[in-house]
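Position one of the sequence shown corresponds to residue 918 (our numbering), numbered consecutively onward.
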Amino acid sequence: MSDFIPFVQELLESWGPVSARRMFGGHGLYHEGLMFAIVMEQRLYLKADEVNRPEFEALGLTPFTYAMKGKEVALSYWAAPDSIFDAPEDAVHWAKSSWDAAFRGHLAKAQASARAKAKLADKKAARSPRA
């Protein structure tokens, strides 16, 4: 692991513990069990969704992209503003915003899963013979 990840962890220590796990040639950064950021090639990318993406766009930041089958694929992780590396309070603000985006995504997936399970249970109940 490079010195960059411990630097980011230290930058965010007032927010709470941030762990790093290897993934796809980089690292995922986690807080309270949710991945809210990735580090690829010594660059920090933060989770974005429809709620916080305008903050990234307003600063002209861009999403992390990679090539797949000859096409560029953009992930929902956007470049962090360079200014946060000199301002721990700003770094925590951006990290919290990204963690909130990760949490919203987690909730949406859980709700979709619950709806799919309920639909499947309804179908099974409709097919079973009634007593």
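Each residue gets a CB set at the ideal place from its N, CA and C atoms; glycine is no exception.
Report yes if the C-beta distance between residue i and residue j is below 8 Å; otherwise report no.
{"i": "S931", "j": "V1009", "result": "yes"}
{"i": "G942", "j": "I955", "result": "no"}
{"i": "M957", "j": "F981", "result": "yes"}
{"i": "S1014", "j": "N969", "result": "yes"}
Where does residue i sit, in a helix, a strand or coil, going by DSSP?
{"i": "V956", "result": "strand"}
{"i": "L961", "result": "strand"}
{"i": "L951", "result": "strand"}
{"i": "S1058", "result": "The chain is shown only over 918 to 1048; residue 1058 falls outside these bounds and no answer can be derived."}
{"i": "S936", "result": "strand"}
Can you tell which of the options has its C-alpha closest to the C-alpha of residue i?
{"i": "L963", "options": "L992, S919, M985", "result": "L992"}
{"i": "L978", "options": "H1023, M940, W995", "result": "W995"}
To the nearest whole angstrom, what separates the beta carbons of residue i and residue j, a pair I think is in contact under 8 Å?
{"i": "D966", "j": "R1032", "result": "Not confirmed; about 20 Å, so no contact."}
Check whether the Cβ of residue i lies closer than 7 Å to any heavy atom of the ligand ATP, and answer yes or no.
{"i": "P980", "result": "Summarising the ligand content, the structure contains no ligands, and the ligand ATP is consequently not present."}
Scan the stretch 965-1001 and note each continuous beta strand (DSSP E) run of 3 residues or more that stays entirely inside, going in chain order. 980-985, 988-996
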